[in-house]
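Quick note: to get the numbering used here, add 7 to the position in the sequence shown (first position is 1).
Glycine included, each C-beta is placed from N, C-alpha and C at the ideal position.
Remember, predicted model here, so these are calculated numbers, not experimental data.
Below is one structure, written out as structure tokens; the observations come after it.
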Amino acid sequence: MGDLSNFLQKHKRSFPIGLSGKTGMGYILTGGISPLSRSKGLAIDQIMEIKGLWGNGKEFHLTRPNRKKESILEWKALCGAAIFLGVITKVKLRTQPLRPILSWTANLSFSQLSECIKQAESWPNALSFQWIWGDNIFAHAVGEVVNSNHEAIIINLLEKLPFTSNRIIKKVNNMTSLPHLKLAHKKDNNTYHSEVIGLLGPAWQNNNLKVLKVIKDLIDNRPNKSCYIASQQLGGLTNSKEIDTSFVHRDAIWKPWINGAWEAHDQAKRNITLKWMENSWNNLEFICPGVHLAQIHPHLPWHQKELSSAFQDWLPKLQAIKAIYDPKNVMPTLK
Ligand SMILES: Cc1cc2nc3c(=O)[nH]c(=O)nc-3n(C[C@H](O)[C@H](O)[C@H](O)COP(=O)(O)OP(=O)(O)OC[C@H]3O[C@@H](n4cnc5c(N)ncnc54)[C@H](O)[C@@H]3O)c2cc1C
Numbered sequence: 008m009g010d011l012s013n014f015l016q017k018h019k020r021s022f023p024i025g026l027s028g029k030t031g032m033g034y035i036l037t038g039g040i041s042p043l044s045r046s047k048g049l050a051i052d053q054i055m056e057i058k059g060l061w062g063n064g065k066e067f068h069l070t071r072p073n074r075k076k077e078s079i080l081e082w083k084a085l086c087g088a089a090i091f092l093g094v095i096t097k098v099k100l101r102t103q104p105l106r107p108i109l110s111w112t113a114n115l116s117f118s119q120l121s122e123c124i125k126q127a128e129s130w131p132n133a134l135s136f137q138w139i140w141g142d143n144i145f146a147h148a149v150g151e152v153v154n155s156n157h158e159a160i161i162i163n164l165l166e167k168l169p170f171t172s173n174r175i176i177k178k179v180n181n182m183t184s185l186p187h188l189k190l191a192h193k194k195d196n197n198t199y200h201s202e203v204i205g206l207l208g209p210a211w212q213n214n215n216l217k218v219l220k221v222i223k224d225l226i227d228n229r230p231n232k233s234c235y236i237a238s239q240q241l242g243g244l245t246n247s248k249e250i251d252t253s254f255v256h257r258d259a260i261w262k263p264w265i266n267g268a269w270e271a272h273d274q275a276k277r278n279i280t281l282k283w284m285e286n287s288w289n290n291l292e293f294i295c296p297g298v299h300l301a302q303i304h305p306h307l308p309w310h311q312k313e314l315s316s317a318f319q320d321w322l323p324k325l326q327a328i329k330a331i332y333d334p335k336n337v338m339p340t341l342k
């Protein structure tokens, strides 16, 4: 995605890449939530044409349906669930004009995070809020600047956000130049392995403090310092139902994700971390009933649960489509 972004920059265009420039096609195929998605939509919303081979070896080449009523089941299946159905060899993507991006980063306390989330829930689509919680809470707000009047409005909103320390507001000209959302603690010399589960749910509104207290408790009891909980903001155009896709959680406003890590090759510590992740998911399910399958876990016992939370009522139809196009389960299982 970084290469795509840097290539487009030369042509004064941009694409809503995610928080890392290092991800590949999987970012686009699994939905693709960008800090710019509230004003641009998900990465799958930018797909105009898609080419590839189904799991059964047959070629396909589909173009984006014009209107919702033209809904094509295969298109819906591929936009968000392609990785279960076939190998994508080519996509034609919509791009947008390149505009400057304002970035606000700071360290926050518990109550400041609560206030920031409250403010972000009433922001215009041009702004989004991300945070990561380990030993400390680090937050990142991102806004695309349309013109100088708009810039003043965005800066005004950013200046209303509370913070404890290290507040930096800066303007960059490409998504790849944004600061990274990462933990501040010093890493030890161990190699860590990890799993990630991404959840999806509506605005927290009156549940704000309740959710943050749950997260604080989970963080206080995390197995080690490399485990954390973070979140991205959706809304705006990600809520658009213009074209049917396999990203069914179009009402989602927050995507908290749980990162569980353990010292490589230590099965006992792996089990403890996986238990912590499951417990975190169970505790957050009341506010985040959905799952974003950016990471799949066919090797873990919770795969069936993540599939049904990701695709809900659409799952049986998706499984029927897979039975036609990938009958031998060449691609990852949908069961
Ligand atoms: C540092 C970091 C930051 C991230 N930030 C975001 C973010 O901001 N927003 C977001 O939505 N997600 C984010 N993610 C999640 C990321 O988008 C997913 O993990 C995604 O699946 C990664 O795709 P990949 O191609 O890089 O990885 P891979 O592991 O190579 O692929 C992921 C899956 O996609 C399948 N796949 C890849 N290419 C194809 C293809 N051509 N045809 C069929 N299947 C294919 C693979 O088989 C695999 O199952 C982030 C991940 C990381 C590590």
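> By DSSP, does Ile250 sit in helix, in strand, or in coil?
Replying inline: Taking the sequence shown and counting its residues from 1, the one referred to as residue 250 is at position 243. In the displayed model, Ile250 falls within coil according to three-state DSSP, outside both helix and strand.
>> Here's the rule: buried if 16 or more other CB atoms are within 10 angstroms of the residue's CB, otherwise exposed. What is Leu80?
In response: As a first step, residue 80 must be located in the sequence shown, where it is residue number 73. Of the other Cβ atoms in all chains shown, fewer than 16 fall within 10 Å of the Cβ of Leu80; this residue is therefore exposed.
>> When you measure from the CB of Met32 to every non-hydrogen atom of ligand 1, does any distance come out below 7 Å?
In response: Taking the first residue of the sequence shown as position 1, residue 32 is located at position 25. Remark: the C-beta of Met32 is in contact range of ligand 1, defined as less than 7 Å to any heavy atom.
> Across which residues does DSSP place Lys177 in a beta bridge pair?
Replying inline: Walking along the sequence shown from the start, residue 177 turns up at place 170. Within the DSSP secondary-structure output, Lys177 pairs in a beta bridge with Ser110.
> By DSSP, does Phe136 sit in helix, in strand, or in coil?
Replying inline: As a first step, residue 136 must be located in the sequence shown, where it is residue number 129. Phe136: strand per DSSP, three-state reduction.
>> Could you give the first and the last residue of the continuous alpha helix (DSSP H) run that contains Met182?
In response: On the sequence shown, position 175 is the one that residue 182 refers to. For Met182, there is no enclosing alpha helix (DSSP H), since its DSSP letter is neither H nor E.
> Under 8 Å, do Ile57 and Val94 count as touching if we go by C-beta distance?
Replying inline: Taking the first residue of the sequence shown as position 1, residue 57 is located at position 50. Taking the first residue of the sequence shown as position 1, residue 94 is located at position 87. Result no, Cβ atoms of Ile57 and Val94 do not sit closer than 8 Å.
>> Let me confirm a value: Asn266 is counted as buried when at least 16 other C-beta atoms fall within 10 Å, else exposed. Which label applies?
In response: Mapped onto the sequence shown, residue 266 falls at position 259. Residue burial annotation: Asn266 is buried, with at least 16 other C-beta atoms found within 10 angstroms of its C-beta.
>> Closest to Glu285 by C-alpha separation, out of Glu202, Leu165, Leu15, Trp138, would be which residue?
In response: Position 278 of the sequence shown, counted from the first residue, corresponds to residue 285. Out of Glu202, Leu165, Leu15, Trp138, Glu202 has the C-alpha closest to the C-alpha of Glu285.
>> Check whether the segment 111-119 and the segment 169-178 are in contact - that is, three or more C-beta pairs closer than 8 Å.
In response: Yes, since at least three Cβ pairs between the segment 111-119 and the segment 169-178 fall closer than 8 Å, the two stretches touch.
>> I believe Ser329 touches Leu92 by the beta-carbon criterion, under 8 Å. Please report the beta-carbon distance rounded to the nearest angstrom.
In response: Mapped onto the sequence shown, residue 329 falls at position 322. Mapped onto the sequence shown, residue 92 falls at position 85. Contrary to the premise, residue 329 reads as Lys rather than Ser in this sequence. The distance from the Cβ of Lys329 to that of Leu92 is about 6 Å, consistent with a contact at the 8 Å cut-off.
>> Based on DSSP bridge pairs, tell me the residues matched to Gln239.
In response: One-based indexing of the sequence shown puts residue 239 at position 232. For Gln239, which the question treats as bridged, DSSP gives the partners Lys262.
>> With three or more C-beta pairs closer than 8 Å as the rule, is the segment 252-265 touching the segment 297-304?
In response: The segment 297-304 vs the segment 252-265: in contact.
>> Does the contact criterion of 3 or more C-beta pairs under 8 Å hold for the segment 44-56 versus the segment 242-250?
In response: With the rule of 3 Cβ pairs closer than 8 Å, the segment 44-56 counts as touching the segment 242-250.
> Is it the case that the Cβ atoms of Leu100 and Met55 are separated by a distance below 8 Å?
Replying inline: Locating residue 100 in the sequence shown gives position 93, counting from the first residue. Locating residue 55 in the sequence shown gives position 48, counting from the first residue. Taking 8 Å as the Cβ cut-off, Leu100 and Met55 qualify as a contacting pair.
> By the 10 Å Cβ neighbour count, where 16 or more other Cβ atoms means buried, how is Thr245 classified, buried or exposed?
Replying inline: Translated into the one-based positions of the sequence shown, residue 245 becomes position 238. With a 10 Å radius around the Cβ and a threshold of 16 neighbouring Cβ atoms, Thr245 comes out buried.
> What whole-angstrom Cβ distance do Asp333 and Trp61 have, given they're in contact under 8 Å?
Replying inline: Working through the sequence shown from its first residue, we reach residue 333 at position 326. Working through the sequence shown from its first residue, we reach residue 61 at position 54. Yes, Asp333 and Trp61 are in contact; Cβ-Cβ is about 6 Å, under 8 Å.
>> Spatial neighbours of Ile161 within its chain, please: C-beta separation below 7 Å, excluding the five flanking residues on both sides.
In response: Looking up residue 161 in the sequence shown gives position 154. Answer for Ile161: Leu109, Ala133, Leu134, Gly150, Val152, listed in chain order.
>> Looking at ligand 1, does it come within less than 7 Å of Pro305, judged from the CB to the closest heavy atom?
In response: Translated into positions along the sequence shown, residue 305 becomes position 298. Relative to the non-hydrogen atoms of ligand 1, the Cβ of Pro305 never comes closer than 7 Å to any of them.
>> Given the structure, does Ile95 come close to ligand 1, in the sense that its CB is under 7 Å from one of the ligand's heavy atoms?
In response: Reading the sequence shown from its first residue, position 88 is the one you call residue 95. At least one heavy atom of ligand 1 is nearer than 7 Å to the Cβ of Ile95, so yes.
>> Assuming Ser44 and Pro23 are in contact, meaning their beta carbons sit under 8 Å apart, how far apart are those beta carbons, in whole angstroms?
In response: The residue you call residue 44 lines up with position 37 of the sequence shown. The residue you call residue 23 lines up with position 16 of the sequence shown. Ser44 to Pro23, Cβ: 6 Å. Contact.
> If we ignore side chains and look at the alpha-carbon of each, how far apart do Lys17 and Gly39 end up?
Replying inline: Indexing the sequence shown from 1 puts residue 17 at position 10. Indexing the sequence shown from 1 puts residue 39 at position 32. The straight-line gap separating the alpha-carbon atoms of Lys17 and Gly39 is approximately 22 Å.
>> Runs of 3 residues minimum, wholly inside the segment 69-94: which ones carry the beta strand (DSSP E) assignment?
In response: Within the segment 69-94, no complete beta strand (DSSP E) run reaches 3 residues.
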